[in-house]
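Q: All residue numbers for the sequence shown refer to our numbering, where the first residue is 1 and numbers rise by one. C-beta atoms are modelled at their ideal positions from N, C-alpha and C, and glycine is treated no differently.
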Amino acid sequence: MAGLTLRLSTSSFMSTIDTTKAHKPNDDFPANSVVRAFPAASRPPPASKLRTRATNSTQEMKVEGGVLVAERLHHLVKHEGMTSSTARVPVYVMLPLDTVTMNGGGLHKGKALNASLMALRSAGVEGVMVDVWWGIVEKEGPLKYNWEGYRELLDMIKKNGLKVQMVMSFHQCGGNVGDSCSIPLPPWVHEEMSRDQDIVYTDRSGRRNPEYISLGCDMLPVLKGRTPIQVYSDYMRSFRDRFNDYFGDVIVEIQVGMGPCGELRYPSYPESNGTWRFPGIGEFQCYDKYMKASLLESAIAVGHKEWGYGGPHDSGYYNQFPEETGFFRREGAWNTDYGRFFLEWYSNMLLEHGDRILASAEEIFRGTNTKLSAKVAGIHWHYKTRSHPAELTAGYYNTRYRDGYLPIAQMLAKKGVVLNFTCMEMKDEQQPGHANCSPELLVKQVKLAAKAAGAELAGENALERYDESAFSQVRATSRSDAGDGLCAFTYLRMNKRLFEEHNWRQFVAFVKSMDEGGRRISLPKSDSTHSDLNVGFIINNSQKKESTETAGAL
């Protein structure tokens, strides 16, 4: 196919740009880079009305204030004639973890972000997801909130005609899969950790994990006179009051973080400092004094005080396999009276933690016309064993003989909270045999649990994937053959690789197929042959300088 040539005309200047070669995304902005893709006061047109033909032609561009603007988002989108008997699954895209700067006052690479949002909108994406970091917003001190960076982001999202899922991220960023930056908990929280090291999760060896406050002290005033639940509630209430005008129209979902990575789980497989590596079984996180006190109280209540002095002594270490331990092996202690007692206590503590935070969130966001959601981790390794050890150490009491996801789904359903589950893109055949993985069976189990409980189910991909195999698996998972399809899918993650030509073509086709209920869609040849992903090509007429900014400059 011949290269596309754009002819840019003004009364005093003519420039021809040959776009046969793709532009390489830049890491930083040119000093004179400007994006003027749409007037600030208006929204972009619906994706179905964007001109997306890639043919030999010239395009006459309008001049606004001496700046010539080429609005050539890409040639890959064609949204006419969408009809399907299956349910549409809206697609959201996670923004970079460091979208808002650490001082909370602005956006990281805001011009490239705006260009990228325009590209997403043109591709038919419903909206984006962004972490609202506790470590940024309440950084300066208790009850001292700085929402300005998020206000700027919401205005940008609104102007681009997108919606947003906002994550109340009460956890640390850094030390887990996909963490590309470091955002610790607020400094004043770390001061409290120094005074009382037991307010964070602790393993059997005494290793402290600063990712998230231990649920053992949920109702204790360990944070400058407030309980963790009060702190989370005050934060969410301040968020609601600051952004009240955005709810329902721009903010359509609040995902409530309830553990490491924002997931309802214990930090049983931390990657920081090489502590854990796939496919290790992980370790129980119940050795801070608050968790130990609860365990002892529960053991006394059932008449077995001796069960209350700590977790299982033979449950192994982070990187062991189940058959190397006494507790998790095929006929291990996990399936004894003691094992069942401990696992019930450990998993119930997690459920109660989730219930407390969500009860507060439900009250705070009631009447805002937004959904609430909670994220559950897709722990698929050792799923084919009887004991499911990696799930057990994370707090999911799921074994050959017990459904650990139904209680979670029931807790969420009672509050009308969407269950957001990961690893939707994974296939069993792609996993290493020695790890006994089965992400496909795990997803099926969670879908059945959500359906039985009456909870809405949404999905994410666990790892960055750009290939057709991953997209095909998500499509298959999203389809509702028996009332158990996905209500939404959030794609991980927006970055430079997503906007590379081949990856972007695959992604656009995927979004279109999800818009038609997960049906396999092939783009017309004219829409899938070439794209340089140039979001804005701007020429300053007075200085006769050229500058480009691509969607991938993130």
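So is Leu554 buried or exposed if we call it buried at 16+ other beta carbons inside 10 Å?
A: When all chains shown are included, Leu554 counts as buried.
Q: So what does Cys173 bridge to, in DSSP terms?
A: According to DSSP, Cys173 bridges with Ile183.
Q: Thinking C-beta only, is Leu448 closer than 8 angstroms to Asp484?
A: Cβ distance < 8 angstroms, so Asp484 and Leu448 count as in contact.
Q: Using three-state DSSP, classify Thr336 as helix, strand or coil.
A: Three-state DSSP puts Thr336 in coil, outside helix and strand.
Q: Less than 8 angstroms separating the beta-carbons of Val189 and Ile136?
A: For Val189 and Ile136, no; Cβs fall outside 8 angstroms.
Q: Quick one: residues in its chain with C-beta nearer than 7 angstroms to the C-beta of Gly395, no 5 flanking neighbours on either side, listed in chain order?
A: Taken in chain order, the residues that qualify are Arg265, Tyr266, Tyr346, Ser347, Leu350.
Q: In terms of alpha-carbon separation, which member of Ile254, Phe239, Phe321, Gly216 lies closest to Arg277?
A: Nearest option by C-alpha distance: Phe321.
Q: On a Cα-Cα basis, can you pick out the residue from Asp249, Gly332, Gly257, Gly248 that is closest to Pro228?
A: It is Gly257.
Q: Could you tell me the distance, in whole angstroms, from the CA atom of Lys305 to the CA atom of Glu344?
A: Using only the alpha carbons, I get a separation of about 16 angstroms.
Q: Can you tell me the Cα-Cα spacing of Pro439 and Gly225, whole angstroms?
A: Approximately 43 angstroms between the Cα atoms of the pair.
Q: Keeping to the same chain, check which residues put their C-beta closer than 8 angstroms to that of Arg88; ignore five residues upstream and five downstream.
A: If we look at Arg88 and ignore the five residues flanking it on each side, its Cβ neighbours are Met514, Asp515, Glu516, Gly517.
Q: Rounding to the nearest angstrom, what Cα-Cα distance links Ala452 and Lys139 in this structure?
A: Answer to the nearest angstrom: the Cα atoms are 41 angstroms apart.
Q: Thr336 to Lys289, Cα distance in whole Å?
A: Taking the straight line from one Cα to the other gives about 26 angstroms.
Q: Buried or exposed: where does Asp218 fall if 16 or more other Cβ atoms within 10 Å of its Cβ makes it buried?
A: Under this definition Asp218 is a buried residue.
Q: Please look up how many angstroms separate the CB atoms of Ser298 and Gly308, rounded, as I've assumed it's under 8 angstroms.
A: Their Cβ separation, rounded to whole angstroms, is 7 angstroms, which keeps Ser298 and Gly308 in contact under 8 angstroms.
Q: Assuming Pro96 and Arg493 form a contact by the criterion Cβ under 8 angstroms, report the distance between their Cβ atoms to the nearest whole angstrom.
A: About 7 angstroms separates the two Cβ atoms, so the contact holds.
Q: Tell me Thr477's beta-bridge partners as DSSP assigns them.
A: Beta-bridge pairing links Thr477 to no other residue.
Q: Going by the beta-carbon positions, is the gap between Arg207 and Gln197 smaller than 8 angstroms?
A: No; because the gap between Cβ atoms is not below 8 angstroms, this pair is not in contact.
Q: Does Gln165 come out as helix, strand or coil in the three-state DSSP assignment?
A: Three-state DSSP puts Gln165 in a strand.
Q: Leaving out the 5 sequence neighbours to the left and right, which residues in its chain are closer than 6 angstroms to Ala450 when beta-carbon positions are compared?
A: Within the same chain, Ala450 has close Cβ partners Ala409, Leu419, Leu457.
Q: Buried or exposed: where does Ser84 fall if 16 or more other Cβ atoms within 10 Å of its Cβ makes it buried?
A: Unreliable positioning characterises Ser84 in this predicted model, as indicated by a pLDDT of 36, which lies under 50. The coordinate reading is nonetheless provided below. Result: exposed.
Q: Hey, Ala390 and Ile281: beta-carbon distance below 8 angstroms or not?
A: Yes, the pair counts as a contact, with Cβ atoms nearer than the cut-off.
Q: Report buried or exposed for Gly339, applying the criterion of at least 16 other Cβ atoms within 10 angstroms of its Cβ.
A: By the 10 Å Cβ count, Gly339 comes out buried.
Q: Counting beta carbon pairs with one atom in the stretch 157 to 177 and one in the stretch 238 to 258, are three or more of them shorter than 8 angstroms?
A: Contact holds: three or more Cβ-Cβ distances are below 8 angstroms.
Q: Indicate the three-state DSSP secondary structure (helix, strand or coil) for Leu223 in the structure shown.
A: In the structure shown, Leu223 sits in a strand (DSSP, three-state: E or B).
Q: For Ser84, does the three-state DSSP call read helix, strand or coil?
A: For Ser84, the pLDDT reaches just 36, beneath the cut-off of 50, and the residue's location in the model is therefore unreliable, leaving the point undetermined.
Q: Would you give the residue range spanned by the beta strand (DSSP E) that Leu154 belongs to?
A: Leu154 -> not in any beta strand (DSSP E); alpha helix (DSSP H) instead, spanning 148 to 159.
Q: Hey, out of Ser116, Arg121, Gly149, Asn103, whose CA is closest to Asn495's CA?
A: The residue with the shortest Cα to Cα distance from Asn495 is Ser116.
Q: Ala41 by DSSP, collapsed to three states: which one?
A: At Ala41, the pLDDT of 35 sits below 50, so the modelled position is not reliable; the number obtained from the coordinates is stated separately. Note: Ala41 maps to coil in three-state DSSP.
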